Every structure is written in C-alpha cells, then in structure tokens.
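Asks: For the sequence shown, position 92 matches number 91 in numbering that gives the first Met the number 0, and the numbering has no gaps at all.
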Amino acid sequence: MNDRVKELRTYLGLSGEKFGERIGVQRNAISRIETGKNGLTEANIKSICREFNVSEDWLRYGTGEMFNELSKISLDDLMADADPIDLDIMKAYFSLDKEIRRKAIAHFQKCLSDEA
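#1: Anyone know if the C-beta pair for residue 109 and residue 15 falls short of 8 Å?
#2: Below 8 Å on the Cβ atoms is my guess for residue 32 versus residue 39; work out the distance and round it to an integer in Å.
#3: Measure the alpha-carbon distance for residue 99 versus residue 19 and round it to whole angstroms.
#4: Using only CA atoms, which one of 86, 65 and 66 lies nearest to residue 75?
#5: Quick check on DSSP: helix, strand or coil for residue 24?
#6: In the DSSP output, which residue or residues are listed as bridge partners for residue 53?
#7: Near residue 63, which residues of its chain fall below 6 Å by C-beta distance, leaving aside the five closest residues on each side in sequence?
#8: Between the C-alpha atoms of residue 26 and residue 17, what's the straight-line distance to the nearest angstrom?
#9: Exposed or buried, residue 8, counting other C-beta atoms within 10 Å across all chains shown (16 or more means buried)?
#10: Among residues of its own chain, excluding the 5 on either side of residue 106, which ones have a beta-carbon nearer than 8 Å to its beta-carbon?
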C-alpha cells in the first residue's frame, strides 16, 4: 500500500509537503509512509480516498482503477449550457489518446491544488 501512496503522489505531481497538507499530515509522515517505515492508518486511507477521489480497493489492494468514477452527469444537461468553446474543448479532449488524457487531468489537478 505504501508504494501506491508514492505512485499516487507522483502521478498527481505533488510534493510530500503538498500531499500531506491535503490529507492533514506532515511531510515527514508522508516520507515515512512511502518508505514503509510507517503504515497507513484508517484515517489516512479515508483522507486520501476522499481528498483525491481514489478507489479504496486500489489503494489497499492495488486492484481496479486508481480513481473512482465521477458521478454520472447527463451530457445533454451539460451541453445545453455549453458555449461553443466548451464544445471545442470537449471534442479536443476526447480526441486525445487515453494515456494523454490521464496526464492532462493529472496536470490540471496539480494546477488546481497549487491554487488552493
């Protein structure tokens, strides 16, 4: 499980300090978790899953996808309120390779976390 914490943090492009801030622990606690010196507490697991929308099965056991599926939203409802630029962005995004989309989302999440 400890290696998946590091994988997640690296994937999100967060420093140990920023990652720790988001889940309410110090940078050195993240370092000890990632190196296996400390295990994850139930509170850590719940915080990571809640803060980063991470699948608990993935974090605990390495099974399934890293992130939970976002709640289902009707595309019709979204498109009804979309500007032409919104539609162009959506088309461009979905025309990308799946791995590139994952990296783009990780970059976007990092930018949002840097703003917070």
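Beta carbons: idealized from backbone N, C-alpha and C, even for Gly. Please read these numbers as outputs of a predicted model, since none were measured by experiment.
Replies: Taking the coordinates as given:
#1: Residue mapping note: residue 109 aligns to position 110 of the sequence shown, counting from 1. Residue mapping note: residue 15 aligns to position 16 of the sequence shown, counting from 1. Taking 8 Å as the Cβ cut-off, residue 109 and residue 15 do not qualify as a contacting pair.
#2: Counting from one through the sequence shown, the residue named residue 32 turns up at place 33. Counting from one through the sequence shown, the residue named residue 39 turns up at place 40. Yes, they are in contact, since the Cβ atoms of residue 32 and residue 39 sit about 6 Å apart, within 8 Å.
#3: Translated into positions along the sequence shown, residue 99 becomes position 100. Translated into positions along the sequence shown, residue 19 becomes position 20. Using only the alpha carbons, I get a separation of about 27 Å.
#4: The residue you call residue 75 lines up with position 76 of the sequence shown. Ranking 86, 65 and 66 by Cα distance to residue 75 puts 86 first.
#5: As a position in the sequence shown, residue 24 is number 25, starting the count at 1. The answer is coil: DSSP assigns residue 24 none of H, G, I, E or B.
#6: Counting from 1 along the sequence shown, the entry for residue 53 is found at position 54. According to DSSP, which records beta bridges pairwise, residue 53 is partnered with 66.
#7: As a first step, residue 63 is located in the sequence shown; it is residue number 64 there, counting from the start. These residues qualify, in order along the chain: 54, 56 and 57.
#8: Mapped onto the sequence shown, residue 26 falls at position 27. Mapped onto the sequence shown, residue 17 falls at position 18. In a straight line, the C-alpha of residue 26 is about 8 Å away from that of residue 17.
#9: Start at 1 with the first residue of the sequence shown, and residue 8 comes out as number 9. Buried, because 16 or more other Cβ atoms sit within 10 Å of the Cβ of residue 8.
#10: Locating residue 106 in the sequence shown gives position 107, where the first residue counts as 1. For residue 106, where only same-chain residues beyond five positions count, the Cβ hits under 8 Å are 12.
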